[in-house]
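**Q** First to last, the sequence lines map onto chains A and B. Each position in the first sequence, counted from 1, maps to that position plus 50 in our numbering. Each position in the second sequence, counted from 1, maps to that position plus 16 in our numbering.
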Amino acid sequence: MSGDPVLDVTELSVAYGDRTVSTIPALTVAPGEVVAIVGESGSGKSTALMAILGLLGGTAARVEGSVRVLGTEVVGASEKALRPLRGSRMALVMQSPQASLNPTMRLGRLLRRALKRHGVPAAEAEARIADATRAVGLDEALLQRFPHQVSGGQAQRFAIALAVCLGAELIAADEPTSALDATVQLDVLALVRRLAEERGAAWLVVAHDLALVSMIADHVLVMRDGEVVESGPARTVLADPRHEYTRALLAASPTLPTGGAR
Amino acid sequence: MTSLLAVDGLAVRYGHQLALRDFSLDLDPALGSVAVVGESGSGKTSLARALLGLVRPAEGTIAFQGKDIAGLRGGAAREWRRRVQPVFQDGQEALDPRRTVESALREALRVGGLTGARVPARIEELLASVELDPRLATRRPHELSGGQRQRVAIARALAVGPELLVLDEPTSALDVTVQARIIALLERIKETQGVQLMLITHSIALADRLTERTVVLFNGREVESGTTTEVLRSPRHPYTARLIASTPTLWGALPAPGTQPSASAATSGCAYQTRCPRADDDCAVVPLLTGLHGAACHHPLR
Numbered sequence: 051m052s053g054d055p056v057l058d059v060t061e062l063s064v065a066y067g068d069r070t071v072s073t074i075p076a077l078t079v080a081p082g083e084v085v086a087i088v089g090e091s092g093s094g095k096s097t098a099l100m101a102i103l104g105l106l107g108g109t110a111a112r113v114e115g116s117v118r119v120l121g122t123e124v125v126g127a128s129e130k131a132l133r134p135l136r137g138s139r140m141a142l143v144m145q146s147p148q149a150s151l152n153p154t155m156r157l158g159r160l161l162r163r164a165l166k167r168h169g170v171p172a173a174e175a176e177a178r179i180a181d182a183t184r185a186v187g188l189d190e191a192l193l194q195r196f197p198h199q200v201s202g203g204q205a206q207r208f209a210i211a212l213a214v215c216l217g218a219e220l221i222a223a224d225e226p227t228s229a230l231d232a233t234v235q236l237d238v239l240a241l242v243r244r245l246a247e248e249r250g251a252a253w254l255v256v257a258h259d260l261a262l263v264s265m266i267a268d269h270v271l272v273m274r275d276g277e278v279v280e281s282g283p284a285r286t287v288l289a290d291p292r293h294e295y296t297r298a299l300l301a302a303s304p305t306l307p308t309g310g311a312r
Numbered sequence: 017m018t019s020l021l022a023v024d025g026l027a028v029r030y031g032h033q034l035a036l037r038d039f040s041l042d043l044d045p046a047l048g049s050v051a052v053v054g055e056s057g058s059g060k061t062s063l064a065r066a067l068l069g070l071v072r073p074a075e076g077t078i079a080f081q082g083k084d085i086a087g088l089r090g091g092a093a094r095e096w097r098r099r100v101q102p103v104f105q106d107g108q109e110a111l112d113p114r115r116t117v118e119s120a121l122r123e124a125l126r127v128g129g130l131t132g133a134r135v136p137a138r139i140e141e142l143l144a145s146v147e148l149d150p151r152l153a154t155r156r157p158h159e160l161s162g163g164q165r166q167r168v169a170i171a172r173a174l175a176v177g178p179e180l181l182v183l184d185e186p187t188s189a190l191d192v193t194v195q196a197r198i199i200a201l202l203e204r205i206k207e208t209q210g211v212q213l214m215l216i217t218h219s220i221a222l223a224d225r226l227t228e229r230t231v232v233l234f235n236g237r238e239v240e241s242g243t244t245t246e247v248l249r250s251p252r253h254p255y256t257a258r259l260i261a262s263t264p265t266l267w268g269a270l271p272a273p274g275t276q277p278s279a280s281a282a283t284s285g286c287a288y289q290t291r292c293p294r295a296d297d298d299c300a301v302v303p304l305l306t307g308l309h310g311a312a313c314h315h316p317l318r
């Protein structure tokens, strides 16, 4: 594994008209690293994620600064220039994958089609599918099912398997477990961590719960009203928060029984 | 003693699917607030819907002061609706988009029998009780934040003088710092207004903060019940223990790989047996729940 960052963001800003909604001065994600962007609604965290993936092209958003994914500049790049990156090098895992999967296709066919579109020969595709489903702990029999026939946790594992089998080096995830049941949530978080450690996947995860973030992240950025108020190693930011807002978020963590500002 | 609301042998069915079965619970202000905790498919929302008369029971009864709510008409039905008030997950959908805050509260007060000169003072009182800036009274729901809308929904529920608030995931659509403030507000309302809560939630932490009794549902059945302290501090059912262990904590450990349990519940016997580390042949028979701190389990943890 090289030490070069998979993602390197400098002076990123997203504006609608003259209103800046999200700025990130600096952010890097190295192979095998999990970086979390934490914030509440309106913090600009999801907008930043969309800008990093080059998904704001063709919208009213004005994106400035630099986002380099595996050395390729994303800001200002054409759709055509981004195509080689999409799926095979960077992937997006959403909150509710079931809503984003074609409901008329069985899961296995969805995987095979995606691999074919990325030019993977059929024989290699089967090997990759077997490998990816094993890596995410998904029963291969489930590939015979349609998206609505699996549970939320299984669908989320499938979405991650899709990224793994295309060989994505940067996996961005927007609240990947907040739509899942509590007993499934930790299994998916463990999977995020394991893929980082065992396969060197670089993760950029957007989340709102700091307790959850503390269990997976190496590095944390805390955002509020479009700005990064604090960033650093997770150990430092969460154990010794400098910013008052980070402390408020920690106190309010919905999962901590003792949490909540009285 | 006749309870305010007594649920007896309740079952809720959608088509062939039994969402909730054989559920009994007494709800009375004297018994304290109750949390019904469960994950998706547990039947918790079906229970809330049945309590509010939004879905008809397939079996069993829900009695308001001893009378089946299915048969309530006129004044008796109004009395039930006044004393048992709902608060839903999202104030945006629960509030009339055309009404201002003031108009929504005025209407609720009218339903509760209050009109005339005392209305403005009572509206002011209600806004104060949910700690909402009186200047927001002229706004409509879309001009409020999620937390403010939830405060309006709570004020409206309080307007008719209820004894029981049925809250279905009242904070899960809100930002975390807003959640903390709404939870603190519900705590104060409980203490100062003598209103009890029936809290439907997936959150162990919320049940812990707000209630005296907790019922845990799994796959449409009650699997454990007792005081909130007993159930959450000394769980007896393996499912309750797993639910508690699944709550993220700061620096908490992640589960080891290869422990992904079977996703589907067992179709006969104990529904949890396919995921349960303690399951054996006994579990082919549906376990019964008995006792004050009971667990529907053949091999409880304690």
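Ideal placement from N, C-alpha and C gives every residue a C-beta, glycine not left out. These numbers come from a predicted model, not from an experiment.
1) Given a cut-off of 9 Å, decide if residue 232 of chain A and residue 352 of chain B are closer than it, judged by their beta-carbon atoms.
2) Does the separation of the CB atoms of residue 205 of chain B and residue 145 of chain B fall below 9 Å?
3) Counting only beta-carbon separations shorter than 9 Å, does residue 251 of chain B have a partner in chain A?
4) Counting only the same chain and skipping the five closest in sequence on each side, list residues whose C-beta sits under 7 Å from that of residue 235 of chain A.
5) Whole angstroms are fine: how far does the CA of residue 64 of chain B sit from the CA of residue 333 of chain B?
6) State the DSSP-derived secondary structure class of residue 78 of chain A, mapped to helix, strand or coil.
7) What does DSSP give as the partner residue(s) for residue 164 of chain A in the beta ladder?
8) Please return the same chain residues whose Cβ sits closer than 8 Å to the Cβ of residue 347 of chain A, not counting the five positions on each side in sequence.
9) Leaving aside the five residues before and after residue 62 of chain B along the sequence, list all residues of the same chain whose C-beta is less than 6 Å from its C-beta, in chain order.
10) With burial defined as no fewer than 16 other Cβ atoms inside 10 Å of the residue's Cβ, what is the status of residue 303 of chain B: buried or exposed?
11) So residue 100 of chain A contacts chain B; which residues on that side make the cut at Cβ distance below 7 Å?
12) Give a yes or no on contact between the segment 247-266 of chain B and the segment 212-222 of chain A, applying the rule of three or more CB pairs nearer than 8 Å.
13) Identify whether residue 273 of chain A lies in helix, strand or coil by the three-state DSSP scheme.
14) Closest Cβ-Cβ distance between residue 90 of chain A and chain B: below 9 Å?
15) Please tell me whether residue 220 of chain B has its Cβ less than 9 Å away from any Cβ of chain A.
16) Run through DSSP, which three-state label would residue 283 of chain A get?
17) What's the call for residue 267 of chain B, buried or exposed, on a 16-neighbour Cβ count within 10 Å?
18) Are any of the Cβ atoms in chain B nearer than 9 Å to that of residue 156 of chain A?
19) Just curious, the alpha helix (DSSP H) that residue 206 of chain A is in, first and last residue?
20) Among the candidates A:277, A:299, A:281, whose CA atom is the shortest distance from the CA of residue 94 of chain A?
21) Can you tell me whether residue 319 of chain B is buried or exposed? The criterion is at least 16 other CB atoms within 10 Å of its CB, across all chains shown.
22) Suppose the cutoff is 6 Å on Cβ atoms and the five residues either side in sequence are ignored; what does the same chain contact list for residue 281 of chain A look like?
23) Residue 105 of chain B lies in the beta strand (DSSP E); which residues open and close that run?
24) Tell me whether the beta-carbon of residue 257 of chain B lies closer than 9 Å to the beta-carbon of residue 317 of chain B.
25) Could you check which residue in A:103, A:110, A:198, A:64 has the C-alpha nearest to that of residue 153 of chain A?
26) Do residue 244 of chain B and the ligand HEM come close, with the Cβ less than 8 Å from some heavy atom?
27) Name the chain A residues that come within less than 7 Å of residue 284 of chain B, Cβ to Cβ?
28) For residue 298 of chain B and residue 87 of chain B, I'd like the C-alpha separation in whole angstroms.
29) For residue 275 of chain B, which residues of its own chain have a beta-carbon under 8 Å away from its beta-carbon, when the five flanking residues on both sides are left out?
30) Measure the alpha-carbon distance for residue 222 of chain B versus residue 295 of chain A and round it to whole angstroms.
31) Taking just the CA atoms, how far does residue 185 of chain A sit from residue 82 of chain A?
32) Give the interface partners of residue 243 of chain A over in chain B, defined as CB-CB distance under 8 Å, in chain order.
33) For residue 114 of chain B, which of helix, strand or coil comes out of DSSP?
34) With a cut-off of 9 Å, does the C-beta of residue 96 of chain A fall near any C-beta of chain B?
**A** According to the structure data:
1) Only positions 17 to 318 of chain B appear in this structure, which leaves residue 352 of chain B out of reach.
2) yes
3) no
4) Result list for residue 235 of chain A: 227, in chain order.
5) Absent from the model: residue 333 of chain B. The displayed extent of chain B is 17 to 318, so no value can be given.
6) DSSP places residue 78 of chain A in strand when its eight states are reduced to three.
7) Paired residues: none, contrary to the question.
8) Residue 347 of chain A lies beyond the stretch modelled for chain A, which goes from 51 to 312, so this question has no answer here.
9) Only 28, 35, 36 meet the Cβ criterion.
10) When all chains shown are included, residue 303 of chain B counts as buried.
11) Within chain B, no C-beta atom comes less than 7 Å from the C-beta of residue 100 of chain A; the nearest is roughly 19 Å away.
12) no
13) Annotated three-state conformation of residue 273 of chain A is strand, per DSSP.
14) yes
15) yes
16) strand
17) It counts as exposed.
18) Proximity of residue 156 of chain A to chain B, defined by a Cβ-Cβ separation below 9 Å, is not satisfied.
19) Where residue 206 of chain A is concerned, the enclosing alpha helix (DSSP H) stretches over 202-215.
20) A:277
21) Look at the range of chain B in this structure, 17 to 318, and you will see that residue 319 of chain B is not part of it.
22) If we look at residue 281 of chain A and ignore the five residues flanking it on each side, its Cβ neighbours are 271.
23) That residue, residue 105 of chain B, is in no beta strand (DSSP E); it is neither H nor E in DSSP.
24) yes
25) Comparing alpha carbon positions, the residue from A:103, A:110, A:198, A:64 closest to residue 153 of chain A is A:198.
26) Although the ligand HEM was asked about, the structure shown includes no ligands whatsoever.
27) Here the premise fails: no neighbours, minimum Cβ distance about 20 Å.
28) If I take the Cα positions, the gap works out to 41 Å.
29) Here the model assigns residue 275 of chain B a pLDDT of 49, short of 50, so the residue's position is not dependable and the matter cannot be decided.
30) 22 Å
31) Those two C-alpha atoms are separated by around 15 Å.
32) Result: 270.
33) coil
34) no
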